[in-house]
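Participant: With positions in the sequence shown counted from 1, the corresponding number in our numbering is that position plus 1423. I have a structure here, written as structure tokens, and I will follow up with some questions on it.
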Amino acid sequence: MLDEQLRILVSGACGRMGQFVVEAVTEAPDMELVGAVDPAGQGHPLTEFVPTGPEDITVSGHLVAALEESQPQIMVDFTTPAVVMDNIEAALNAGVACVVGTTGLSATDLRVVQKMCNSKQVPCLIAPNFSIGANLMMKFAAEAAGMFDYAEIIERHHEGKVDAPSGTALTTAEKMAAARDKPLREVPTSHDKLPGSRGGVNQRIHIHSVRMPGYVANQEVVLGGTGETLKIEHVSTSRQCFMPGVLLAIRQVLELEGLVYGLEEIL
Ligand code: NAP
């Protein structure tokens, strides 16, 4: 055990992502998992959900009490859009830095978090995608967007994902638009036989969301030019792909100031 291990609490510890975070933090020699919060597992030993997790942790259903009891330095949150803002507020109020992977936060939410971080002088890193490959995919898509006038995004996720489109798809569209000196060209249709057939639109980019078993998190960016298309695709085959990014964020967050948005800011 290292002298100065980072003390980590995982919020959403019994969820699909949370279980991987528990495993990754438990295995990291420079980290100590001190708390786990999730109403889904309240009162149960954490090892019922993650057999390789620490044996002495009981899952708590109440974040404020767990923060008080376990005294973490960092909260990692992979919960739901409905609760994430309350969780961030509770952690920042307790002086605990945040690493947040939960998606579905709006631009207004981000402004609120930024204000809270500044007033509490506690850092928070929010990343809609912790996968290194997905971040490279966004970077390449932004680069290509400078040279193609037409683009659409198809994102594919597992059937349990509650928000659509994915935070990654929205961020990709924003980065692509920002990389251009004029807007992308949208192709509107005048007779959609089914409402929503052309997907949702952000920055003139149509985004199509597929939800079904068999997928973890995939995204394809299709760019159209005269007589050619370019496809940039990222495929996650396991949620483990997010863990190197999560651990990197945990190791760096205490050095950050205010709100930092996006893994690329620390890569
Ligand atoms: P999930 O399996 O539904 O897990 C969410 C967990 O949070 C559930 O166990 C849920 O319990 C629990 N929860 C609900 N309210 C809570 C609260 N107040 N405090 C603590 N825990 C609470 O979802 P997931 O697939 O792990 O995804 C979680 C989030 O991460 C989603 O927003 C997803 O889009 C996002 N995500 C981000 C990345 C990234 O790289 N940034 C990658 C993958 C997924 P109940 O079941 O009882 O509600």
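We put the CB at the ideal spot given by N, CA and C, even for glycine.
Out of V1610, G1637, E1609 and A1459, point me to the one whose CA is closest to R1662's CA.
Facilitator: One-based indexing of the sequence shown puts residue 1662 at position 239. Among V1610, G1637, E1609 and A1459, the Cα nearest to that of R1662 belongs to G1637.
Participant: Measure the C-alpha to C-alpha separation of V1535 and A1505 and round it to an integer number of angstroms.
Facilitator: Position 112 of the sequence shown holds residue 1535. Position 82 of the sequence shown holds residue 1505. Using only the alpha carbons, I get a separation of about 15 Å.
Participant: So, using beta-carbon positions, are L1432 and G1458 closer together than 8 Å?
Facilitator: Here residue 1432 refers to the residue found at position 9 when the sequence shown is read from its first residue. Here residue 1458 refers to the residue found at position 35 when the sequence shown is read from its first residue. Result yes, Cβ atoms of L1432 and G1458 sit closer than 8 Å.
Participant: Mark N1516 as exposed unless 16 or more other C-beta atoms lie within 10 angstroms of its C-beta, in which case mark it buried.
Facilitator: Walking along the sequence shown from the start, residue 1516 turns up at place 93. Per the 10 Å Cβ criterion, exposed.
Participant: Exposed or buried, what is H1631 when buried is set at 16 or more other beta-carbons lying within 10 Å of its beta-carbon?
Facilitator: Residue numbering aside, residue 1631 sits at position 208 when the sequence shown is read from its first letter. So H1631 counts as buried.
Participant: Taking C-beta to C-beta, are A1672 and A1550 nearer than 8 Å?
Facilitator: Residue numbering aside, residue 1672 sits at position 249 when the sequence shown is read from its first letter. Residue numbering aside, residue 1550 sits at position 127 when the sequence shown is read from its first letter. Yes; because the gap between Cβ atoms is below 8 Å, this pair is in contact.
Participant: What's the C-alpha gap between A1568 and H1657?
Facilitator: Taking the sequence shown and counting its residues from 1, the one referred to as residue 1568 is at position 145. Taking the sequence shown and counting its residues from 1, the one referred to as residue 1657 is at position 234. Using only the alpha carbons, I get a separation of about 17 Å.
Participant: Suppose contacts are defined by Cβ-Cβ distances below 8 Å. Is N1641 in contact with E1578 by that definition?
Facilitator: By one-based count along the sequence shown, residue 1641 stands at place 218. By one-based count along the sequence shown, residue 1578 stands at place 155. Cβ atoms of N1641 and E1578: closer than 8 Å.
Participant: Between the Cα of A1489 and the Cα atoms of D1461, T1503 and M1508, which residue gives the shortest distance?
Facilitator: For the purposes of this step, residue 1489 is taken as residue 66 along the sequence shown, with counting starting at 1. It is D1461 whose Cα lies nearest to the Cα of A1489.
Participant: Go ahead and label V1633 buried or exposed: buried means 16 or more other beta carbons lie within 10 angstroms of its beta carbon, across all protein chains shown.
Facilitator: Working through the sequence shown from its first residue, we reach residue 1633 at position 210. It is exposed - the Cβ of V1633 has fewer than 16 other Cβ atoms within 10 Å.
Participant: Are T1449 and P1477 touching if we call contact CB-CB under 8 Å?
Facilitator: Here residue 1449 corresponds to residue number 26 of the sequence shown, with the count starting at 1. Here residue 1477 corresponds to residue number 54 of the sequence shown, with the count starting at 1. In contact: T1449 and P1477 (Cβ atoms closer than 8 Å).
Participant: Would you say the beta carbon of P1667 is closer than 7 Å to some non-hydrogen atom of ligand 1?
Facilitator: In the sequence shown, the residue the question calls residue 1667 occupies position 244. Flag unset: Cβ of P1667 not near ligand 1.
Participant: DSSP puts G1648 in a beta bridge; with which residues?
Facilitator: The residue labelled residue 1648 in the question sits at position 225 within the sequence shown. In the DSSP output, where bridge partners are listed per residue, G1648 has E1651.
Participant: Just to confirm my understanding: we take M1561, look at its own chain, exclude 5 residues before and 5 after, and list those with CB closer than 8 Å. What are they?
Facilitator: On the sequence shown, residue 1561 is found 138 positions in, with the first residue counted as 1. If we look at M1561 and ignore the five residues flanking it on each side, its Cβ neighbours are N1552, T1591, T1594, T1595, K1598 and E1687.
Participant: Do S1554 and F1472 have their C-beta atoms closer together than 8 Å?
Facilitator: Position 131 of the sequence shown, counted from the first residue, corresponds to residue 1554. Position 49 of the sequence shown, counted from the first residue, corresponds to residue 1472. Taking 8 Å as the Cβ cut-off, S1554 and F1472 do not qualify as a contacting pair.
Participant: I need the straight-line Cα distance from S1493 to S1483, nearest angstrom please.
Facilitator: For the purposes of this step, residue 1493 is taken as the residue at position 70 of the sequence shown. For the purposes of this step, residue 1483 is taken as the residue at position 60 of the sequence shown. Going by the C-alpha atoms only, they are around 11 Å apart.
Participant: Taking C-beta to C-beta, are G1524 and V1545 nearer than 8 Å?
Facilitator: As a working note, residue 1524 is residue 101 in the sequence shown. As a working note, residue 1545 is residue 122 in the sequence shown. No, these two residues do not count as a Cβ contact at 8 Å.
Participant: Ligand 1 and N1516: does any heavy atom of the ligand fall closer than 7 Å to the residue's C-beta?
Facilitator: Numbered from its first residue, the sequence shown carries residue 1516 at position 93. Result no, Cβ not under 7 Å from ligand 1.
Participant: Quick check on DSSP: helix, strand or coil for V1585?
Facilitator: Start at 1 with the first residue of the sequence shown, and residue 1585 comes out as number 162. If DSSP states are grouped into helix, strand and coil, V1585 belongs with coil.
Participant: May I ask whether a heavy atom of ligand 1 can be found less than 7 Å away from the beta carbon of S1542?
Facilitator: Here residue 1542 is taken as the residue at index 119 of the sequence shown, counted from 1. For ligand 1, not one heavy atom lies less than 7 Å from the Cβ of S1542.
Participant: Taking only heavy atoms of ligand 3 into account, decide whether any of them is closer than 7 Å to the Cβ of F1501.
Facilitator: No copy of ligand 3 occurs in the structure displayed; its ligands are ligand 1 alone.
Participant: Look at the alpha carbon of G1464 and the alpha carbon of I1480, and state the distance between them as a whole number of angstroms.
Facilitator: Numbered from its first residue, the sequence shown carries residue 1464 at position 41. Numbered from its first residue, the sequence shown carries residue 1480 at position 57. So the two alpha carbons sit approximately 12 Å from each other.
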